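Below: the structure, in structure tokens.
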Amino acid sequence: MTGIEIAVGYVFAYLVRKAKRVAGQVDAEVARGLDAGMDRLHDLVSAKLGPDPALERATEEAWAGQAEPSERTQRRLADSLEDAAERDPDFAKALQELVEQVQAAEKAAAPGGVSASGSAQAIGGNATISAEGGSAAALRMGDVTIGSGTVDPHRPGPEQS
């Protein structure tokens, strides 16, 4: 995949995130570095392309809820970016640098790159913790009292079984 195609993907991802943010559906824990890089990339592209029909169509598709641009929109936006990059070497360099920065931020924010400090715990992947029959379960658990904490003389306890 060329830098232009990657840039198109990031620009569209930015537009999708923006639409979700406005609709209040974006996760509050989105990686800030990734968001900042995508913002800069979108700003660079939209400043260079202006009211480009391909960029406008990509915006419409993102706001319509599409997860990816249509093949035609992707192709047209890539053509617009390639043309702009061919005509303006400074833009081409800035575009390439921002794509690399966003890729690095995306890699840093990817699952599996989790960390914790102090007494916190981090899980890189799925975790399932369950309890049955009046018991308790947790990744880490201190003192636990289930029910009133008193012994029922009519029910045998573990030492009476």
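Residue numbers (the numbering used here): 264 to 424. By construction, the Cβ of each residue, glycine as well, lies at the ideal position given by its N, Cα and C atoms. Quick caveat: nothing in here was measured; it's all calculated off a predicted structure.
* Return the first residue and the last residue of the alpha helix (DSSP H) that Ser343 is part of. => Glu334 to Arg350
* Along the alpha helix (DSSP H) that carries Pro314, what are the first and last residues, could you check? => Where Pro314 is concerned, there is no enclosing alpha helix (DSSP H), given that its DSSP letter is neither H nor E.
* Mind reading off the beta-carbon distance from Pro332 to Glu345? Whole number of angstroms is fine, and I expect it under 8 Å. => Contact flag wrong, Cβ pair sits at about 16 Å.
* Asked: Which value, in whole angstroms, describes the spacing of the CA atoms of Met223 and Glu349?
  -> Only positions 264 to 424 of the chain appear in the structure, and residue 223 is not among them; the question remains open.
* To do: Select from Asp298, Ser343 and Leu358 the residue whose C-alpha is nearest the C-alpha of Arg280.
  => Asp298
* Leaving out the 5 sequence neighbours to the left and right, which residues in its chain are closer than 6 Å to Ile269 when beta-carbon positions are compared? -> Val362
* To do: For Gln426, name the three-state secondary structure that DSSP assigns.
  => Only positions 264 to 424 of the chain appear in this structure, which leaves residue 426 out of reach.
* Which residue's Cα is closest to the Cα of Ala355: Thr336, Val308, Lys370 and Tyr273? -> Val308
* Quick one: is Ser343 buried, meaning 16 or more other Cβ sit within 10 Å of its Cβ, or exposed? -> buried
* To do: Using alpha carbons as the reference points, say which of Glu395, Ala367 and Ala357 lies closest to Asp306.
  => Ala357
* Is the Cβ-Cβ distance between Val271 and Ala368 less than 8 Å? -> no
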